[in-house]
Amino acid sequence: MEKENIRYQQGKKISIISILSNVLLAVLKISIGFFANSKALIADGFHSVSDMASTIIVMASMKFSETPADKNHPYGHEKAEALGTNILAVILVLTAFFLGRDAVLTIVSGNIAEPGSWALFAAFVSIIVKEILYRFTIKIGEEINSRGLIADAHHHRSDALSSIAALIGIGGAKLGFRFLDPLAGLVVALLILKVGYEIMRDTSYELMDGRPDKEKINEIRDLAAEIEGVIEIHDIKLRSYGPNYIVDLKIVVEDQLSVADGHNIACLVEKKIIKNSDDVKDVMVHVDPLSAHQN
Numbered sequence: 001m002e003k004e005n006i007r008y009q010q011g012k013k014i015s016i017i018s019i020l021s022n023v024l025l026a027v028l029k030i031s032i033g034f035f036a037n038s039k040a041l042i043a044d045g046f047h048s049v050s051d052m053a054s055t056i057i058v059m060a061s062m063k064f065s066e067t068p069a070d071k072n073h074p075y076g077h078e079k080a081e082a083l084g085t086n087i088l089a090v091i092l093v094l095t096a097f098f099l100g101r102d103a104v105l106t107i108v109s110g111n112i113a114e115p116g117s118w119a120l121f122a123a124f125v126s127i128i129v130k131e132i133l134y135r136f137t138i139k140i141g142e143e144i145n146s147r148g149l150i151a152d153a154h155h156h157r158s159d160a161l162s163s164i165a166a167l168i169g170i171g172g173a174k175l176g177f178r179f180l181d182p183l184a185g186l187v188v189a190l191l192i193l194k195v196g197y198e199i200m201r202d203t204s205y206e207l208m209d210g211r212p213d214k215e216k217i218n219e220i221r222d223l224a225a226e227i228e229g230v231i232e233i234h235d236i237k238l239r240s241y242g243p244n245y246i247v248d249l250k251i252v253v254e255d256q257l258s259v260a261d262g263h264n265i266a267c268l269v270e271k272k273i274i275k276n277s278d279d280v281k282d283v284m285v286h287v288d289p290l291s292a293h294q295n
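FYI, the numbering for the sequence shown is 1 to 295, going by full-length UniProt numbering.
And the structure:
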């Protein structure tokens, strides 16, 4: 429980920094975007708003995921983090749709004003701040193995890229190519859409108990094979629960072993895997006699 609380506190600290930064950036970019007539900067500002909302969702889902198992949720609540991250993805997709639609309508109408110089300054500041946030958030996310924080970090990186697009669009518009400003807004929307899709794809895979990478499966197999009495390991299945896995596997033992001996070997396999894998919370071992397995 102490380990889980430390994990949440680390995530909470970087999340609060992200929220405060995004509030300031959103106010800066949206207000200057309106006064400086920059569609690209306004779109980028709303990207920061979605960043702020997503960070709040990640914080809430991380907190809820640390709730201990209960009668109705015997495996715990760790999947709440993936669910919250999926909601984040939906917010991104919706944000991208509305920003993209507005940019297209502006381009089609041809009613495009030249953006003011302050828009360049706001976009430049955003690039610096968002890249710093990305680096800190991805570092903490990987340290505590939080898929939500890692997704939020990539959201920061996409915001930095969208600010670069906005900067190019605003600069081009000030040089006389006014269509570049709303076009940059459309590029920002597409970047947001891409990130939203990728996050939704990955978290949906986890929520549907998608198979993890082969490296993790091989690691489990190697640990189980070290136990004396285990002849073969097969049907290894892993399910993601937040930062942890639940493992199901079958082992093959000699026919002449008693039920008690087979049970003891299974317990040794379970303890070996949990002891040597920080991200495994539970192991279910099924014991097969050699003759049954061969048939």
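The beta carbon of each residue, even a glycine, is placed where N, CA and C say it ideally should be.
Q.
Rounded to the nearest angstrom, what separates residue 234 and residue 259 at their Cα positions?
A. 20 Å
Q) Rounded to the nearest angstrom, how far is the Cβ of residue 11 from that of residue 149, given a contact under 8 Å? A) 6 Å
Q: With DSSP collapsed to three states, give me the class of residue 71.
A: coil
(Q) Bridge partners for residue 289 per DSSP, in chain order? (A) 253
(Q) My assumption, with CB atoms under 8 Å, is that residue 155 sits in contact with residue 125. Please give the rounded CB distance. (A) About 18 Å; that fails the 8 Å criterion.
Q: Taking only the alpha-carbon atoms, compute the straight-line gap between residue 240 and residue 210 and give it to the nearest angstrom.
A: 8 Å
**Q.** Distance, residue 283 Cα to residue 58 Cα
**A.** 28 Å
(Q) Applying the 10 Å Cβ sphere with the 16-neighbour rule, what's the burial state of residue 214? (A) exposed
(Q) Going by the DSSP bridge assignment, what does residue 146 pair with across the sheet? (A) For residue 146, which the question treats as bridged, DSSP gives no partner whatsoever.
**Q.** Alpha carbon of residue 86 to alpha carbon of residue 165, nearest angstrom
**A.** 26 Å
Q.
Tell me which residue opens and which closes the alpha helix (DSSP H) that residue 238 is part of.
A. That residue, residue 238, is in no alpha helix (DSSP H); its beta strand (DSSP E) goes 232–241.
Q. In this structure, does DSSP put residue 350 in helix, strand or coil?
A. Limits of the chain in this structure are 1 at one end and 295 at the other, which puts residue 350 out of reach.
Q) Just checking, does the segment 179–190 make contact with the segment 49–56 on the three C-beta pairs under 8 Å criterion? A) no
Q) Can you name the residues that DSSP bridges to residue 283? A) 247
Q | Chain-order list of residues whose beta-carbon lies under 6 Å from that of residue 229 (same chain, five-residue window excluded) | A | 253 and 265
Q. What residue does the alpha helix (DSSP H) around residue 182 start on, and which one ends it?
A. 180–207
Q: State buried or exposed for residue 255, treating a residue as buried only when at least 16 other CB atoms are found within 10 Å of its CB.
A: exposed
**Q.** Length-filtered (4 minimum) alpha helix (DSSP H) runs lying within the segment 28–52
**A.** none
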